[in-house]
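If you read the sequences in order, they're chains A and B. The first sequence begins at 88 in our numbering and counts up one residue at a time. The second sequence begins at 162 in our numbering and counts up one residue at a time. Glycine residues also receive a C-beta, built at the ideal position from the N, C-alpha and C atoms. All figures in this text were calculated on a predicted structure; none of them were measured in a lab. Here is the structure we will look at.
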Amino acid sequence: MNYWRVPLDAEVIPLTRGQVHVVEDRCKGCGYCIAYCPKKVLAPSEHYNKKGYHPPLVAKPADCVNCHYCESICPEFAIFSVEIPCSPDADRKDAA
Amino acid sequence: MAQTAKKQDQTTGGFEHHPLDDLLRTDRIPHIWCPGCGIGPTFSATLRGILASGVDLGSTVMVSGIGCSGRAAGYVKLDSYHTTHGRAIPFATGMKLANPKLNVVVFSGDGDLFAIGGNHFIHAARRNMDLTVICVNNLNYGMTGGQAAATTPHMAKTTTTPKGNPERPFNLPLLAFAAGATFVARWTVLHGRDLMESVQAAMTRRGFSFIEVLAPCPINYGRRNKELPLVTLRNYQVNTIIKNEASPAELAASGSGPIVLGRFVDENRESFLSQYDKTYRPQLAPAGKE
Ligand code: SF4
Ligand code: SF4
Ligand code: SF4
Numbered sequence: 088m089n090y091w092r093v094p095l096d097a098e099v100i101p102l103t104r105g106q107v108h109v110v111e112d113r114c115k116g117c118g119y120c121i122a123y124c125p126k127k128v129l130a131p132s133e134h135y136n137k138k139g140y141h142p143p144l145v146a147k148p149a150d151c152v153n154c155h156y157c158e159s160i161c162p163e164f165a166i167f168s169v170e171i172p173c174s175p176d177a178d179r180k181d182a183a
Numbered sequence: 162m163a164q165t166a167k168k169q170d171q172t173t174g175g176f177e178h179h180p181l182d183d184l185l186r187t188d189r190i191p192h193i194w195c196p197g198c199g200i201g202p203t204f205s206a207t208l209r210g211i212l213a214s215g216v217d218l219g220s221t222v223m224v225s226g227i228g229c230s231g232r233a234a235g236y237v238k239l240d241s242y243h244t245t246h247g248r249a250i251p252f253a254t255g256m257k258l259a260n261p262k263l264n265v266v267v268f269s270g271d272g273d274l275f276a277i278g279g280n281h282f283i284h285a286a287r288r289n290m291d292l293t294v295i296c297v298n299n300l301n302y303g304m305t306g307g308q309a310a311a312t313t314p315h316m317a318k319t320t321t322t323p324k325g326n327p328e329r330p331f332n333l334p335l336l337a338f339a340a341g342a343t344f345v346a347r348w349t350v351l352h353g354r355d356l357m358e359s360v361q362a363a364m365t366r367r368g369f370s371f372i373e374v375l376a377p378c379p380i381n382y383g384r385r386n387k388e389l390p391l392v393t394l395r396n397y398q399v400n401t402i403i404k405n406e407a408s409p410a411e412l413a414a415s416g417s418g419p420i421v422l423g424r425f426v427d428e429n430r431e432s433f434l435s436q437y438d439k440t441y442r443p444q445l446a447p448a449g450k451e
């Protein structure tokens, strides 16, 4: 993980992890979640949902920190994240 | 991992359970709001705030007026009422007085609450009526095609002001405060968590609470003012400043300088119902609850 200032407790506090889910057929392709995900987990996609919009692609699922921002900004109730348990070890591996 | 998510999708018939689904009439989703419309995030923060406040959902009702935002009442899985134009507040007032146990939320737009319904708004605020009023302010009349409203910024283009709006818009928090609202806040759709917390606070207090939410209307307002939805959001990000307890007089949403957001007013003044009980139903007064 890249920090502009490494928190003093970065070693001991485990990062939260999330799994992001897209309810594709609700999406209207506004792109807000893609633009505002702080970890750039989401990306524009080529494929269409049944209404003809492009739902976001979960391009970097492992980077999701379960911040729920995509869930908060989505006008369509089409995206949400759920916490996945993580061990502090996994974080260190990531940082390395 | 994207693959696994996909597989899970298929095992649930392509449908996954969104955390707010229990509060939505999911058979009506996708809703009618245009792609990128700010009503959706406002509505979702409102629902999260209602859930977080822990109020009894069985005695919580939502009332909307007319307009794009007015459709919200049709999407929430609570007792909800879609009233006539401008009359959400008097309808909600009547309901609260008839059954003081209810938690009444009014969710509507700027045109409905402040133009045709403006008179009702100021009087409910003056009385400190026990209501939570959430106003989606998208700066125009979206549903009818983008006409100028009482909130349209000076010189903004709309269908009825093609050369720019010659009028000056309302400063909604100042109006609410001056009329007597005891809780006043303003956020944008980008401030989902702050908005949720304001809704939560409003739900658990007595008296008249007003929350203005700046929300993009990309189709009718944005398009005529050459503002793409992501540009509007960017504006909310870079051209705003959070100043809790700022004086309502300095909150004009248009003009020069950043737009001020925050929780401006949170004062304790006896609400209409407790004053009424004290005066006319003294046998109920010591209860102090509704
Ligand atoms: S929860 Fe946060 S990090 Fe995860 S996809 Fe959504 S916005 Fe990105
Ligand atoms: S914010 Fe919602 S509607 Fe917009 S692109 Fe993302 S998932 Fe689709
Ligand atoms: S017209 Fe404007 S306010 Fe109405 S749904 Fe469309 S974008 Fe939203």
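Taking 8 Å as the limit between beta carbons, can you name the residues of its chain near A:Tyr-140, skipping five residues before and five after?
Cys-114, Lys-115 and Gly-116
Out of B:Leu-389, B:Asp-355, B:Gly-215 and B:Ala-413, which one is the CA nearest neighbour of B:Ala-311?
B:Ala-413
Between B:Val-350 and chain A, is there a C-beta pair that is closer than 8 Å?
It does: the Cβ of B:Val-350 has a partner Cβ on chain A nearer than 8 Å.
With a threshold of 7 Å on Cβ separation, who are the neighbours of B:Ala-276 within its own chain once the five nearest residues in sequence on each side are excluded?
Ala-310 and Ala-311
Find the residues of chain A that neighbour B:Glu-177, judging by a C-beta separation of less than 7 Å, and give them in chain order.
His-108 and Val-110
Please report whether the beta-carbon of B:Cys-378 lies at a distance below 8 Å from any beta-carbon of chain A.
no
If we cut at 8 Å on Cβ distances, does B:Arg-354 have a partner in chain C?
The question asks about chain C, but that chain is absent: this structure's protein chains are A and B.
Whose beta carbon lies closer than 6 Å to any heavy atom of ligand 3, going through the chain in order?
B:Trp-194, B:Cys-195, B:Cys-198, B:Ile-200, B:Cys-229, B:Asn-299, B:Gly-303, B:Met-304, B:Cys-378, B:Pro-379, B:Ile-380 and B:Asn-381
Residues that A:Ala-130 contacts on chain B, provided the C-beta gap is smaller than 7 Å
Within chain B, no residue comes near A:Ala-130; the closest Cβ sits about 10 Å away, beyond 7 Å.
Output, in chain order, the set of chain A residues within a Cβ distance shorter than 7 Å of B:Cys-198.
Pro-162
Can you list, in chain order, the residues of its chain whose CB lies under 7 Å from that of B:Ile-193, leaving out five sequence neighbours each side?
Correct list, in chain order: Arg-232.
Please decide whether A:Lys-115 counts as near chain B, where near means a Cβ-Cβ distance under 8 Å.
yes
Report the residue from A:Cys-154, A:Val-99, A:Arg-104 and A:Glu-98 whose alpha carbon sits nearest the alpha carbon of A:Phe-120.
Reading off the sequence shown, one finds Cys at residue 120 of chain A, where the question assumed Phe. A:Cys-120 has its Cα closest to that of A:Cys-154, out of A:Cys-154, A:Val-99, A:Arg-104 and A:Glu-98.
Whose Cβ in chain A lies nearer than 8 Å to the Cβ of B:Ile-190?
Arg-113, Glu-163 and Phe-164
Neighbour flag for A:Tyr-119 against chain B, beta carbons, 8 Å
yes
By Cβ distance below 6 Å, which residues in the same chain neighbour B:Arg-186 in space, the five residues on each side in sequence not counted?
Tyr-236 and Lys-238
Would you verify that the beta carbon of B:Leu-181 is, or is not, closer than 8 Å to some beta carbon of chain A?
yes
Cβ-heavy atom distance between A:Glu-163 and ligand 2 below 7 Å?
yes
Given the structure, does A:Pro-143 come close to ligand 2, in the sense that its CB is under 7 Å from one of the ligand's heavy atoms?
yes
Taking only beta-carbon positions, decide if A:Ala-97 is within less than 8 Å of chain B.
no
Proximity test, Cβ basis, 8 Å: B:Ala-337 and chain A
no
Counting only the same chain and skipping the five closest in sequence on each side, list residues whose C-beta sits under 8 Å from that of B:Leu-389.
Pro-379 and Gly-383
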